[in-house]
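Below you'll find the structure, written out as structure tokens, and then a few comments.
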Ligand SMILES: Nc1ncnc2c1ncn2[C@@H]1O[C@H](COP(=O)(O)OP(=O)(O)OP(=O)(O)O)[C@@H](O)[C@H]1O
Ligand SMILES: [Mg+2]
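Chains as they are written, first to last, in this note's numbering: chain D, 23 to 360; chain Y, 100 to 367.
Rendered as structure tokens:
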């Protein structure tokens with residue numbers, strides 16, 4: 023990872039996303055800040071409904087404009103994403119930043135061939151002819167290791183298996199050499215063997231092309247495989263960040279700890295799996311204090327009254343909890359809290 | 100005697116078989132009322148009806164598709180509610196009533212369009228590309244367009260709204276397409292559903308409307324059927340119904356083929 027002081031690829035500052043409807047306001051993302059350097063892979067981990075997808079969509083400006091209220095600063099490669107309009111926005115999407123979705127079954131247009139869908143994207147961003155776009159599409163399908171790519175170019179999405187469709191999605195996303203790839207659980211809908219193949223492919227392509235990547239997943243194993251750094255999200259907030267090593271082997275936030283100990287490992291036979299008691303808070307009425315407080319074994323009255331600050335634990339390592347001790351300097355935080 | 104002459108002594112099925120056999124050779128028999136060949140009457144009426152229905156198809160289908168798509172993009176907004184409201188009114192107004200109202204307004208009160216008939220000098224010399232002839236088409240076409248506009252608008256609206264809710268639209272945005280390009284994808288996806296309904300409406304329009312053609316004394320198939328029913332002109336009736344049924348079935352076949360051409364998933 024780079025420690026240079028040049029502008030990071032992604033810089034998110036105090037991102038808030040609210041969904042406003044007549045009945046209620048859903049606080050889907052609250053004060054999220056994160057940074058991704060060029061060529062770095064950040065994994066966002068968190069349970070269902072924690073705001074991972076909403077954060078990704080905010081970065082691509084894909085949220086419904088009428089209902090989603092977005093505030094904060096979003097910058098990709100120095101560009102203010104929230105200020106983009108019309109042509110600039112279209113050039114940014116797919117050009118600077120591309121996104122891969124969870125469901126390969128429904129993410130492609132069923133009435134156009136795979137080749138067409140890639141070619142029109144290439145044409146859009148490079149201004150080349152459709153035929154040149156198709157030639158590039160073939161190249162890309164070969165790049166993502168689609169067997170008999172030439173034939174698959176003229177295939178409709180329903181004629182491909184889930185794994186191949188997701189490869190086609192990756193080809194589509196990479197078609198204009200984006201600097202940033204957002205992957206929203208790209209392997210969750212695939213079966214285990216295919217999942218690993220796709221994961222290895224993505225890691226390899228990311229390194230070859232030197233892209234930055236934000237990879238959303240529920241799966242800690244996947245995070246361990248692909249991430250440089252990890253951000254843990256809970257109820258629309260980032261509760262802990264650090265390198266993949268630090269977070270997975272030495273978690274600081276009680277939620278991260280709970281999550282790790284409730285994960286099934288290979289050698290856990292006969293042991294009890296500890297599930298975190300309770301359920302995540304209602305995003306329409308977040309508690310005033312720590313949102314994990316009501317479920318936390320270490321929480322006291324202080325935790326329930328006040329929102330814990332982000333505590334710096336070291337270089338790029340922080341946790342949002344009263345019970346962790348700030349690192350005195352850039353050194354790593356030694357003692358495990360309470 | 101008479102029974103024998105017309106073959107009425109044979110069983111009905113046999114009679115129908117004989118008739119069909121003759122039809123295959125192009126012989127539809129003679130009209131009882133006029134004594135002229137049924138084919139002559141039938142195909143002249145058909146040509147007249149096609150003139151009306153082609154107008155209604157072009158006007159109604161394009162208009163309905165455009166406003167349906169517009170509303171589908173704005174589901175839940177006031178403009179969508181206005182469009183849906185008009186569509187509901189369109190399908191609920193009886194078209195013979197509308198025909199009479201239109202005649203009262205435009206022919207009787209304003210005196211700008213003719214009330215009935217086909218051309219100033221009768222149907223023989225009718226030329227739709229001349230304005231003073233074309234005037235005779237306007238009111239019948241408006242009347243006939245009403246129901247197809249209502250039905251196709253509603254179908255298009257719900258098909259477009261449904262497509263817009265699908266995940267792939269987000270992919271289209273995420274890959275940087277402009278809204279106009281996305282619209283093309285959306286329309287192509289919504290088309291098979293809309294085509295199915297258009298096909299049905301096309302079939303109905305080709306059949307001619309007995310009520311509308313009678314009100315406007317438009318000598319089409321509806322008018323012919325009406326006359327044949329009242330005069331018990333069996334050969335005309337039988338021939339007309341057969342041809343209309345064939346048109347209906349053919350239309351649906353063509354629509355099925357069009358649908359598979361648009362949506363490759365339907366091929367299996
Ligand atoms: N368009 C929307 N309108 C209203 N609420 C929304 C919308 N999109 C998401 N939400 C809400 O925002 C919250 C966060 O959703 P999000 O999809 O980001 O979760 P997630 O972390 O991606 O979960 P998962 O792991 O299940 O994908 C959820 O409570 C969801 O109901
Ligand atoms: Mg999600």
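Where is the CB? At the ideal position from N, CA and C, for every residue including glycine.
Check: Can you pull out the residues from the segment 52-83 of chain D whose beta carbon lies closer than 9 Å to at least one beta carbon of chain Y?; Outcome: 79, 82, 83
Check: Rounded to the nearest angstrom, what separates residue 270(Y) and residue 123(D) at their Cα positions?; Outcome: 8 Å
Check: Flag this pair as touching only if the segment 315-331 of chain Y and the segment 108-123 of chain Y have three or more C-beta atom pairs under 8 Å; answer yes or no.; Outcome: no
Check: By DSSP, does residue 99(D) sit in helix, in strand, or in coil?; Outcome: coil
Check: Could you check if residue 15(D) belongs to the surroundings of ligand 1, using beta carbon to heavy atom distance under 6 Å?; Outcome: Limits of chain D in this structure are 23 at one end and 360 at the other, which puts residue 15(D) out of reach.
Check: Taking a contact to mean a Cβ-Cβ separation below 7 Å, would you say residue 290(Y) touches residue 361(Y) in this structure?; Outcome: yes
Check: At a Cβ threshold of 7 Å, is residue 390(Y) touching chain D?; Outcome: A question about residue 390(Y) goes unanswered here, because the residues of chain Y that appear run from 100 up to 367.
Check: Short of 8 Å in beta carbon distance, which residues of its chain neighbour residue 131(Y), apart from the five on each side in sequence? Order them along the chain.; Outcome: 330, 331, 332, 333, 334, 335
Check: Quick check on residue 229(Y): buried or exposed, where buried means 16 or more other Cβ atoms within 10 Å of its Cβ?; Outcome: exposed
Check: Does the beta carbon of residue 362(Y) sit closer than 7 Å to a beta carbon anywhere in chain D?; Outcome: yes
Check: Look at the alpha carbon of residue 297(Y) and the alpha carbon of residue 317(D), and state the distance between them as a whole number of angstroms.; Outcome: 58 Å
Check: Could you list which residues in chain Y have their beta carbon closer than 7 Å to that of residue 99(D), in chain order?; Outcome: Ordered by position in chain Y, no residue passes the 7 Å Cβ test against residue 99(D), which lies about 15 Å from the chain.
Check: Can you give, in chain order, each stretch of the beta strand (DSSP E) that sits fully within the segment 58-90 of chain D and has at least 3 residues?; Outcome: 63-67
Check: Helix, strand or coil: how does DSSP classify residue 356(D) here?; Outcome: Residue confidence for residue 356(D) is low, a pLDDT of 42 falling below 50, so the modelled location carries little weight; the figure read from the coordinates is stated next. If DSSP states are grouped into helix, strand and coil, residue 356(D) belongs with coil.
Check: With 7 Å set as the bound, which would you pick, yes or no: does the beta-carbon of residue 119(Y) sit closer than that to a beta-carbon of chain D?; Outcome: no
Check: Starting from the beta carbon of residue 270(Y), find every residue of chain D whose beta carbon is closer than 7 Å, and list them in chain order.; Outcome: 123, 129, 130
Check: Looking only at its own chain, which residues have a Cβ that is under 8 Å from the Cβ of residue 144(D), when we skip the five neighbours before and after it?; Outcome: 150, 154, 155, 158, 159, 197, 198
Check: Judging by CA-CA distance, which residue of 187(Y), 185(Y), 212(Y) is the nearest neighbour of residue 198(Y)?; Outcome: 212(Y)
Check: Please look up how many angstroms separate the CB atoms of residue 248(Y) and residue 159(Y), rounded, as I've assumed it's under 8 Å.; Outcome: 5 Å
Check: In this structure, does DSSP put residue 168(D) in helix, strand or coil?; Outcome: coil
Check: Please say whether residue 255(D) and residue 94(D) have beta carbons closer to each other than 7 Å?; Outcome: no
Check: Could you check the C-alpha separation between residue 357(D) and residue 274(D) for me, to the nearest Å?; Outcome: Because the pLDDT at residue 357(D) is just 42, under 50, the model does not fix this residue reliably, and the value given afterwards should be weighed accordingly. Near 10 Å, if we compare the C-alpha coordinates of residue 274(D) and residue 357(D).
Check: Would you say residue 315(Y) and residue 215(Y) are within 7 Å of each other, going by their C-beta atoms?; Outcome: yes
Check: Exposed or buried, residue 131(D), counting other C-beta atoms within 10 Å across all chains shown (16 or more means buried)?; Outcome: buried
Check: Report the neighbours of residue 102(Y) on chain D: residues whose CB is nearer than 7 Å to its CB, in chain order.; Outcome: Within 7 Å Cβ-Cβ: nothing; residue 102(Y) doesn't reach chain D, min ~60 Å.
Check: Apart from the five residues on each side of it in sequence, which residues of its chain come closer than 6 Å, Cβ to Cβ, to residue 338(Y)?; Outcome: 127, 137, 141
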